Each structure stands twice: as C-alpha cells, then as structure tokens.
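Written out below as structure tokens is the structure these notes cover.
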Amino acid sequence: MTQKKKPVKVFRCPSCGMLVQPTDEDFPFCSDRCRKIDLGKWASGVYKISSPVLDPEVLEDLGGLGTGRGGSDED
Ligand SMILES: [Zn+2]
C-alpha cells in the first residue's frame, strides 16, 4: 500500500531562508548564528521605534478635557 504523506509544513529561517524544523533548538532560526544576525538588526537600528515627541502643552490640553466643568447634573 502506497499512501502519500501529507505535506509537512515547512518553516524557513528568517535570516537566511534555510529550512528549519520546529523541533530545532534554534527555531525559528536555523542556527544560533542566524538568531544573532536577527538580533543584530534590532541593535543596529533597522527596526527603529519612532517615539513621537509629546508637547507638554498638548498634554495639559488633553488633561483639561476630562475634568468636565460645567456639566453638573447631580444635585
Ligand atoms: Zn539561517
């Protein structure tokens, strides 16, 4: 009986594109080296996180909106 195997899901190393097994020690990377390459991208600023500069005055303005003066239904 020749039964065809179901297609196995394959994973590829994000760094070099090599096939990796989910059981691999360095999964999802093919090796520790590729893991470090990926980490290096973060360190070198490839994935730069842009932090918006908040103006203090803007913050004050936003804070004043929540106080709700002049809307006293109670009493
Ligand atoms: Zn790799």
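Note that our numbering gives residue 38 to position 38 of the sequence shown, counting from 1, and the numbers run on in steps of one. Think of the CB as a built atom: it goes at the ideal place given N, C-alpha and C, for glycine as much as any other residue. Given the structure is predicted, the values throughout are model-derived calculations rather than measurements.
Within the model, the alpha-carbon separation for Pro14 versus Glu57 is close to 43 Å.
Close to ligand 1, as judged by a C-beta nearer than 6 Å to any of its heavy atoms, are the residues Cys13, Ser15, Cys16, Met18, Phe29, Cys30, Ser31 and Cys34, in chain order. Scanning its chain for C-beta atoms nearer than 7 Å, with the 5 sequence neighbours on each side dropped, one finds around Arg35 the residues Asp26 and Phe29, in chain order.
With a beta-carbon spacing of about 6 Å, Leu19 and Val10 fall inside the 8 Å limit used to define contacts.
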